[in-house]
Amino acid sequence: MGKQNKDKKVKRYRLALIVDSTHQQIWQTVFTKTGLISIITAGTVIFIAVIFSIIAFTPVRTVIPGYPDALTKRTAIRNAIKIDSLEREIAIWDIYTENLQNILTGGEPANIDSIVSAARAENTEIPDYKDYSKEDSLLRAEISREERFEVGAGKEIKGIEGKSFYPPLKGIITEKYNPGIGHPFIDIAATEGATVYAVLDGTVIGSGWSDETGYTLQIQHSDNMVSVYKHNEKLLKQTGDKVKAGTPVAIAGNTGSLSTAPHLHFELWYEGEAVNPEKYINF
């Protein structure tokens with residue numbers, strides 16, 4: 001048996017390139033069946049890795065049918081917000097219907113606390129721009145309290161650090177700050193009619209229409225800071241108006257040729273350079 005195993009040789013194959021007219025051998029390689037399988041496997045793995053890298057880390061992925069782009073993400077978020085609002089509205093109508101049936105049949109009315117709680121949960125309407133929301137009042141009260149007790153006294157605050165920013169819009173950030181790909185700002189998904197707020201005290205230095213960005217507002221703040229609000233449905237302030245942090249300045253929308261869905265394009269500039277708003281504002 002041992003002798004038969006020694007006599008048994010591994011089959012080898014040769015692949016060569018030969019000039020047909022002169023029969024001159026240009027290149028050749030010798031391999032076994034196992035080696036060929038290994039080369040094919042390794043080549044397949046490398047090919048798959050290269051294709052995955054191209055799709056995952058380059059803009060090529062956006063041309064793939066069905067791949068979620070920024071518009072798809074904003075649409076999905078907007079639909080989720082609408083579904084949540086509809087669910088709350090249905091719950092309220094269920095309570096009112098039950099209450100009405102009980103009254104008509106001579107039964108006990110539904111608990112008024114349940115109706116009030118549901119109504120408060122469903123009350124997502126944006127207040128008139130002359131009014132201030134509850135959260136706005138709480139923020140102002142906290143700032144006033146800090147000023148009254150001189151929180152941070154003795155510490156000189158310069159530039160952008162330490163400022164109390166008010167969120168420009170309540171929503172989900174669909175496109176983050178990424179100057180490397182020409183996106184030195186953020187996009188925040190919004191429902192139509194949502195209120196846009198000033199992030200700091202300042203003066204409106206620009207208020208008007210642009211074919212690309214729609215209704216756009218620019219506010220100059222202290223310490224050489226500027227905030228920009230684009231693609232609005234309506235502007236509530238004019239050039240020269242003084243605003244406070246948390247003051248409604250616009251109504252979010254979907255205006256301008258560069259906008260594909262209702263959202264707020266928000267920019268924050270400090271000393272002539274764009275900065276990442278997420279580092280300083282709690283969205």
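The opening residue of the sequence shown carries number 1 in full-length UniProt numbering; numbering runs sequentially from there.
For glycine and all other residues, C-beta sits at the position ideal for the given N, C-alpha and C.
Under the DSSP assignment, residue 60 falls outside any alpha helix (DSSP H); it carries neither an H nor an E label. Per the Cβ contact rule, the region 198–212 is in contact with the region 242–257 (3 or more Cβ pairs under 8 Å).
The shortest C-alpha to C-alpha distance from residue 24 to any of 31, 161 and 16 is the one to 16. Around the C-beta of residue 57, fewer than 16 other C-beta atoms lie within 10 Å, and the residue is accordingly described as exposed. Using a Cβ-Cβ distance cut-off of 8 Å, the region 180–188 and the region 262–277 are in contact, since at least three pairs of beta carbons, one from each stretch, lie closer than that value. Taking C-beta atoms under 8 Å as the contact rule, residue 28 and residue 14 qualify, at a distance of about 6 Å.
DSSP, read as helix, strand or coil, puts residue 34 in helix. The DSSP assignment places 173–175 and 186–189 as complete runs of the beta strand (DSSP E) inside the region 153–195, in order along the chain (cut-off: 3 residues). In summary, residue 261 is buried, with 16 or more beta-carbon neighbours lying within 10 Å of its beta-carbon over all protein chains present.
Separation of the CB atoms of residue 283 and residue 173 is rounded to 6 Å, and the pair is thereby assigned contact status at 8 Å. For residue 251, the pairing in a beta bridge is given by DSSP as 195 and 234. Between the region 250–260 and the region 273–282 there are fewer than three inter-stretch CB-CB distances shorter than 8 Å, so the stretches are not counted as touching. Under the DSSP assignment, residue 212 falls outside any beta strand (DSSP E); it carries neither an H nor an E label. Residue 168 and residue 81 have their alpha carbons spaced roughly 18 Å apart. Burial state of residue 238 is exposed, judged by a 10 Å Cβ sphere holding fewer than 16 other Cβ atoms. Of the residues assessed, residue 95 falls on the buried side of the cut-off, its CB having 16 or more other CB atoms within 10 angstroms. Assigned with DSSP and collapsed to three states, residue 205 falls in strand. Nearest to residue 198 by C-alpha distance, out of 250, 31 and 77, is 250. In the three-state reduction of the DSSP assignment, residue 50 falls in the helix class.
A direct Cα-to-Cα measurement between residue 26 and residue 39 gives close to 22 Å.
Counting the other Cβ atoms within 10 Å of the Cβ of residue 218 gives 16 or more, which makes it buried. Residue 194 counts as buried, since at least 16 other C-beta atoms from the protein chains shown sit within 10 angstroms of its C-beta.
Inclusion of residue 216 and residue 230 in the CB contact set at 8 Å is warranted, their separation being smaller than that value. Here residue 10 has 32 as same chain residues with Cβ atoms under 8 Å from its own Cβ, once five neighbours each way along the sequence are excluded. DSSP places residue 239 in the coil class of the three-state scheme, outside both helix and strand. From the listed residues 182, 41, 176 and 248, the smallest Cα separation to residue 74 is found for 176. Around the beta-carbon of residue 97, fewer than 16 other beta-carbon atoms lie within 10 Å, marking it exposed.
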